[in-house]
Structures are given as C-alpha cells and as structure tokens.
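K.L.:
Quick note on my numbering: the sequence shown kicks off at 7 and runs consecutively.
Just so it is clear, CB atoms sit at the ideal spot from N, CA and C, and this is done for glycine as well.
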Amino acid sequence: MIDRESKIYIPGHKGLVGSAIVRKFLSEGFSNLILYDSKSFDLRDQKKVEELFETESPEYVIIAAAKVGGILANNLFRAEFIYDNLMIEANLIHNAFKHKVKKLIFLGSSCIYPKITSQPIKEEQLLSGYLEKTNEPYAVAKIAGIKLCENYFRQYDSNFYSVMPTNLYGPNDNFDLKSSHVLPALIRKIHEAKENNADEIEVWGTGKPRREFLYVDDLADAIFYLFENIDARDIYSKNISHLNIGTGQDLSVSELAELIKKTVGYAGNIRYDVTKPDGTPRKLLDVSRIHQLGWKHKTSLEEGIKETYEWFVNNYKL
Ligand code: GFB
Numbered sequence: 007m008i009d010r011e012s013k014i015y016i017p018g019h020k021g022l023v024g025s026a027i028v029r030k031f032l033s034e035g036f037s038n039l040i041l042y043d044s045k046s047f048d049l050r051d052q053k054k055v056e057e058l059f060e061t062e063s064p065e066y067v068i069i070a071a072a073k074v075g076g077i078l079a080n081n082l083f084r085a086e087f088i089y090d091n092l093m094i095e096a097n098l099i100h101n102a103f104k105h106k107v108k109k110l111i112f113l114g115s116s117c118i119y120p121k122i123t124s125q126p127i128k129e130e131q132l133l134s135g136y137l138e139k140t141n142e143p144y145a146v147a148k149i150a151g152i153k154l155c156e157n158y159f160r161q162y163d164s165n166f167y168s169v170m171p172t173n174l175y176g177p178n179d180n181f182d183l184k185s186s187h188v189l190p191a192l193i194r195k196i197h198e199a200k201e202n203n204a205d206e207i208e209v210w211g212t213g214k215p216r217r218e219f220l221y222v223d224d225l226a227d228a229i230f231y232l233f234e235n236i237d238a239r240d241i242y243s244k245n246i247s248h249l250n251i252g253t254g255q256d257l258s259v260s261e262l263a264e265l266i267k268k269t270v271g272y273a274g275n276i277r278y279d280v281t282k283p284d285g286t287p288r289k290l291l292d293v294s295r296i297h298q299l300g301w302k303h304k305t306s307l308e309e310g311i312k313e314t315y316e317w318f319v320n321n322y323k324l
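1) Using the beta-carbon count (16 or more within 10 Å), is Ala85 buried or exposed?
2) For Glu138, which residues of its own chain have a beta-carbon under 7 Å away from its beta-carbon, when the five flanking residues on both sides are left out?
3) Exposed or buried, Leu355, counting other C-beta atoms within 10 Å across all chains shown (16 or more means buried)?
4) Can you give, in chain order, each stretch of the alpha helix (DSSP H) that sits fully within the segment 84-130 and has at least 4 residues?
5) Considering only DSSP beta bridges, list what Gly258 is partnered with.
6) Could you check what DSSP says for Ser243 in three-state terms: helix, strand or coil?
7) Between which two residues does the beta strand (DSSP E) containing His248 stretch?
8) Hey, is the segment 150-167 in contact with the segment 93-107, meaning 3+ C-beta pairs nearer than 8 Å?
9) What are the start and end residues of each continuous beta strand (DSSP E) run of 3 or more residues lying completely inside the segment 138-186, in chain order?
10) Tell me the DSSP secondary structure of Asn275 in three-state form.
11) Who are the near neighbours of Thr269 in its chain, counting only those whose CB is closer than 7 Å to its CB and skipping five residues on each side?
12) For the putative contact between Phe219 and Leu307, defined by C-beta atoms under 8 Å, what is the C-beta separation to the nearest angstrom?
13) Taking the C-alpha atoms as reference points, what is the distance between Arg194 and Ser243?
14) State the start and end residues of the unbroken beta strand (DSSP E) segment that holds Ile8.
15) Looking only at its chain, what residues have a beta carbon closer than 6 Å to the beta carbon of Val209, apart from the 5 residues adjacent to it on each side?
16) How far does the alpha helix (DSSP H) with Tyr315 in it reach, from first residue to last?
17) Report the partner residues of Ile207 according to the DSSP bridge assignment.
18) Do you know how far the Cα of His248 is from the Cα of Ile241?
19) Would you check whether the ligand GFB has a heavy atom nearer than 6 Å to the C-beta of Asp284?
20) Report all residues from its chain with a CB closer than 6 Å to the CB of Phe156; omit the five preceding and five following residues, and keep chain order.
21) Rounded to the nearest angstrom, what separates Val74 and Ala238 at their Cα positions?
22) Looking at the structure shown, is Leu39 part of a helix, part of a strand, or coil, going by DSSP?
23) What span of residues does the beta strand (DSSP E) with Val67 cover, start to end?
24) If Ala228 sits next to Ile251, beta carbons under 8 Å apart, how far is it from one beta carbon to the other, in whole angstroms?
25) I need the straight-line Cα distance from Ala204 to Gly271, nearest angstrom please.
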C-alpha cells in the first residue's frame with residue numbers, strides 16, 4: 007500500500023479525467039494532492055514547471071493534463087494539438103525524472119493506433135501502420151509521451167509508464183458542440199431537440215464508425231488500481247510500452263445516438279451530415295492485459311449515459 011500522506015501531483019485536475027482521478031484518490035484517503043489550475047499555470051512553460059517541482063517536490067505524478075478535443079477540434083487546431091501536448095508531457099516527464107519522482111503514470115488515448123489495424127487492438131500494434139489523419143498531430147504527441155516514459159525507464163530505471171484509455175465520457179465533460187467528443191455532443195443535441203420540440207437532430211459523418219466508451223470514474227478506478235499495484239517493470243518486462251484501458255465492447259455512432267435518444271426520451275429523426283469526417287472506422291481496444299492484471303470496468307454504457315445525462319441537466323450552463 008502506498009502511504010496515504012504521499013504528495014501526489016495531478017496536472018489537469020479540473021478536466022474530465024483529472025477531476026475523476028482527484029475524486030477517486032480523495033475517497034481512498036489521499037489528501038496531500040498537489041493541484042494547480044492550468045488557467046493560471048502554463049504547463050508548456052519549461053521554467054515554471056521546473057520551479058513547481060522544486061517548490062512542491064511531488065513523490066508521485068499522474069499526468070491528466072493535455073489539450074484534447076473531438077474530431078473537428080483535432081483536425082482544425084492541428085498545430086496546438088501537437089505543440090501543446092509535446093511541451094506539457096516533455097516538461098512534466100523530464101522534471102519528474104530530475105526530481106526523482108517515485109512513480110509517474112502518463113495518460114494517452116486509443117487514437118495512437120493505426121487507422122486500419124486488426125481489432126480488438128493489442129498494445130503491440132502501436133506503430134504498425136499509418137495514423138488517422140484527423141488526429142495525427144495529437145496521436146504523434148501522445149506516442150512521444152509513451153516513448154519518453156519508456157526510455158527514461160530503459161536508460162535511468164525511472165518508474166514511469168503510460169496507459170491508453172479508450173474514448174472517455176462522464177461528469178465534467180466538454181459539451182461545447184465545436185470541440186466536444188461525440189457522446190457529450192449527442193447528449194446536448196438530443197436534450198436541446200427534446201426541449202425545443204425539434205423533429206430531428208444532426209449527427210456528423212455516416213453514423214457507421216464504431217467506438218468504445220469508458221465511464222471516466224471507471225478510468226479513475228483503473229488508474230488507482232495500477233498506481234497501487236503495478237510498476238514500470240511489470241509493463242516493460244512484457245515487451246509492451248503501455249497498457250490499454252477500456253471495456254472491450256463497442257457500438258456504432260448510430261447505435262449510440264439511439265441509446266442516448268432512449269435515455270433522454272426523444273423520438274425525433276437523425277440526419278447525417280456526411281460533409282463532416284467519420285475518422286477511424288473502428289478502434290476497439292484489446293483489454294485482456296489489464297484484465298489479467300486484475301482490473302475490469304464496472305459501469306455499463308447505459309448506466310454511464312444516464313449518470314452523465316443527469317450531470318448535464320443539473321450542472322451544465324448553456
Ligand atoms: O468523438 P469524436 O469527436 O472523436 O467522433 P474520434 C467520433 C465519431 O462520432 C466520428 C461522429 O465519426 C464523428 O464524425 N460524430 C457524430 C460526432 N456526431 C458528432 C458530433 O456531434 N460531435 C462529434 N465530436 N462527433 C477523437 C480524436 O477521435 O477521439 C482524439 O480526434 C481522441 O484524438 C479522441 O483520440 C478520444 O473518436 O473520431
């Protein structure tokens with residue numbers, strides 16, 4: 007068991023993922039959390055990050071900070087998606103090394119895998135083919151983060167490793183229609199269509215791409231489990247560079263829209279805007295490794311959507 011008094015730095019603690027990790031760690035008795043607001047603290051600033059490590063001396067680091075967004079934001083803000091993410095992760099990982107952090111967990115995304123690859127996707131399939139163009143800048147930055155952790159381990163024995171969650175959703179998600187991911191976007195569109203008695207909603211692309219969704223509190227649970235039980239050598243000794251985290255189940259965007267319509271109680275039609283990109287046809291993670299390590303998700307997609315919809319109705323200010 008890791009000492010509950012340990013100092014844990016969680017960059018990105020206000021986002022969807024970071025806020026779930028904070029909730030989980032607080033509930034497990036860790037109260038010595040180092041939390042800096044990314045609005046007032048620029049993680050791209052090398053000097054500032056160095057000063058933070060000198061002042062705070064964190065013992066553990068969990069990197070939930072990143073510039074993230076849905077398919078359109080990734081495609082439009084390509085320069086920021088690669089630059090911001092490279093700077094954030096390089097500053098954090100290098101300073102964690104310099105300040106002898108005991109364990110660091112870096113979070114990426116399932117978009118690191120090739121666009122066309124066999125399914126479900128095993129960890130070994132990283133760098134075995136071309137990336138999906140819409141999120142190539144983000145994916146390249148995340149692959150660089152994986153390789154930073156792996157090579158600080160290989161050269162210096164740093165206890166740093168990466169986890170790649172599938173598409174995430176839950177409380178504190180981004181519901182802005184231009185920058186959000188599909189699940190929160192459809193919750194908002196369907197809710198507003200119901201409120202306004204609209205006949206139809208617009209869904210981007212063909213509705214055929216398949217996605218896997220993990221409730222963010224389940225991700226936080228997985229991170230906590232790994233934090234307590236798994237070290238870098240447990241990962242790299244298996245000749246993999248990171249661990250997948252998902253449910254092992256996917257559905258099409260059309261099926262997702264139908265599920266959300268049911269939860270919200272909306273009976274209108276769906277119009278597909280095929281001028282918008284589909285992105286990767288499918289990215290279902292092979293989660294057998296994390297299952298073998300003793301962790302499995304708990305929340306069904308139906309329950310997770312219900313919780314997220316309730317959160318949206320009660321908390322989101324339109
Ligand atoms: O969730 P999403 O934006 O990202 O889109 P990706 C998933 C699928 O849903 C795409 C369709 O085929 C979209 O065209 N979609 C339908 C919509 N309606 C909507 C809508 O209203 N909003 C959005 N956003 N999509 C991202 C990557 O890819 O996934 C990131 O760009 C990251 O790098 C993230 O990895 C997890 O799953 O295609």
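P.N.:
Looking at the atomic coordinates:
1) exposed
2) Cys117, Lys121, Gly285, Thr286
3) Lying before the first or after the last residue shown, residue 355 is absent from the chain, which here runs from 7 to 324.
4) 84-104
5) A small correction: the amino acid at residue 258 is Ser; Gly does not occupy that position in the sequence shown. Paired residues: Arg216.
6) coil
7) 248-251
8) yes
9) 166-171, 173-175
10) strand
11) Ile311, Lys312, Tyr315
12) 6 Å
13) 44 Å
14) Ile8 -> no beta strand (DSSP E), and no H or E assigned at all.
15) Ala263, Ile276, Tyr278
16) 307-321
17) Ile276
18) 7 Å
19) yes
20) According to the sequence displayed, residue 156 carries Glu and not Phe. Taken in chain order, the residues that qualify are Ser247.
21) 25 Å
22) strand
23) 66-69
24) 5 Å
25) 13 Å
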